[in-house]
Amino acid sequence: MRAKYDPKRHELALRKRTIVSALIIFILIPVTIFIGIKYLEDQRYMLIGLLILFYTMLPFFMIFEKRRVRTREIVMVAVMSALTAFGNLMCFMITPFQPGTAMVILSGISFGPEAGFLVGAIARFVVNFFAGHGPWTPWQMFCWGILGFLSGLIFNKANVDKVKSRSFQIIVGPVLSIIVSILIGYVIYIYTKSAGTFFGWWLYAFGAIGLLIGLLIQRKRLPIDDLTLAIFGFLATFIIYGGIMNIAAMVMASAIPSSNITISLKSLAILYISGVPYDSVHGLGTAFFLFVFGEMMVKKMERVKIKYRLYV
């Protein structure tokens, strides 16, 4: 017999899961990746990848506290992970247009931040069995997981079936936060007379700060419409995924003597500038898939949740 629904208890459990998830994502996983780089010399990337998968399962299974996990709930995560991996494998050999990134975002929106991170981490781990595993695997799992986690935190699903028009006035908050943050960064860059170009790590760093502030301001308020999904998909993919993977490229390249890459702001600026074309195409591809299929996919997944009483 199912326990009576208690809104206060549910809200308390939700806060606890979010705190645990944030600690795992922003502290435990980065520390694990650092240990793999520093002490295991990036040679135990499969072990690090499996550890990340284990970490991400902890907050996910906290959803089901005081009741058993049902098979249908595990199957849904497995299906979304498989669809995400398949979508990515269709295009990875040809173009950075990757439907998989869009699927991770949609999974987070529909099934929550914990499930979104788990789908992203599992799918990336599976994809790399075909695309190639390496020291980059834990980084990619981390990036996809973060996109799924943030998506589950900031979108409002309360009126998903009532969305008929675009709500640019809601998404304008995060966009303005990014613009203001970049302008502040540029003023600091000019005032401190920093060496190198602004269009490197400065742009990514202050863009990321602005994006995170904007998303926190609009937490659980962003509507699920084609325009909002597309703008969020582009910004999150370009700034967060691209920003983290450029740092990963610097760390991995620094271990190769012939690369002439060192762990420094100069090297990071070079990698950020050279990564702009790829990150832009990746972001545009994600925005395209979210614009065309995002709203429809979320509505269908919400109906599946209701039909099979998932995560309730």
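Just so we're aligned, residue 11 is where the sequence shown starts under our numbering, counting upward by one.
C-beta atoms are modelled at their ideal positions from N, C-alpha and C, and glycine is treated no differently.
Does the beta-carbon distance from residue i to residue j come in below 8 Å?
{"i": "Ile122", "j": "Thr66", "result": "Checking the sequence shown, residue 122 turns out to be Gly, not Ile. Not a contact, by the Cβ cut-off of 8 Å."}
{"i": "Ser204", "j": "Gly158", "result": "no"}
{"i": "Glu124", "j": "Ser31", "result": "yes"}
{"i": "Thr296", "j": "Gly217", "result": "no"}
{"i": "Ile43", "j": "Phe152", "result": "yes"}
Measuring only the C-alpha atoms, how far is residue i from residue j?
{"i": "Leu222", "j": "Val185", "result": "11 Å"}
{"i": "Met262", "j": "Lys317", "result": "46 Å"}
{"i": "Ala112", "j": "Gly304", "result": "8 Å"}
{"i": "Asn98", "j": "Ile132", "result": "13 Å"}
{"i": "Ser274", "j": "Ile200", "result": "20 Å"}
{"i": "Gly162", "j": "Val114", "result": "10 Å"}
{"i": "Arg82", "j": "Tyr196", "result": "50 Å"}
{"i": "Gly206", "j": "Ile62", "result": "35 Å"}
{"i": "Ala92", "j": "Leu245", "result": "25 Å"}
Pick from the options: whose alpha carbon is nearest that of residue i?
{"i": "Phe209", "options": "Phe299, Leu99, Leu281, Glu124", "result": "Leu281"}
{"i": "Ile39", "options": "Arg25, Leu60, Arg27, Lys26", "result": "Leu60"}
{"i": "Met255", "options": "Asn270, Phe244, Ala240, Leu278", "result": "Leu278"}
{"i": "Phe145", "options": "Gly243, Leu50, Gly285", "result": "For clarity, residue 145 is Pro in the given sequence; the question names Phe instead. The shortest Cα separation from Pro145 among Gly243, Leu50, Gly285 belongs to Leu50."}
{"i": "Tyr55", "options": "Phe36, Pro267, Pro148", "result": "Pro148"}
{"i": "Gly46", "options": "Lys310, Leu300, Ala258", "result": "Ala258"}
{"i": "Tyr214", "options": "Ile271, Met306, Ser284", "result": "Ser284"}
{"i": "Phe298", "options": "Gly220, Gly183, Ile241", "result": "Ile241"}
Would you decide whether residue i is buried or exposed? Buried here means 16 or more other CB atoms lie within 10 Å of its CB.
{"i": "Leu320", "result": "buried"}
{"i": "Gly142", "result": "exposed"}
{"i": "Leu57", "result": "exposed"}
{"i": "Pro233", "result": "buried"}
{"i": "Arg25", "result": "exposed"}
{"i": "Pro287", "result": "exposed"}
{"i": "Phe135", "result": "buried"}
Helix, strand or coil: how does DSSP classify residue i here?
{"i": "Leu50", "result": "coil"}
{"i": "Leu57", "result": "helix"}
{"i": "Lys232", "result": "The residue asked about is misnamed: residue 232 is Leu in this sequence, not Lys. Three-state result, Leu232: strand."}
{"i": "Phe159", "result": "helix"}
Under a CB-based cut-off of 8 Å, is residue i close to chain D?
{"i": "Tyr199", "result": "The chain inventory of the structure shown lacks chain D, comprising one protein chain alone."}
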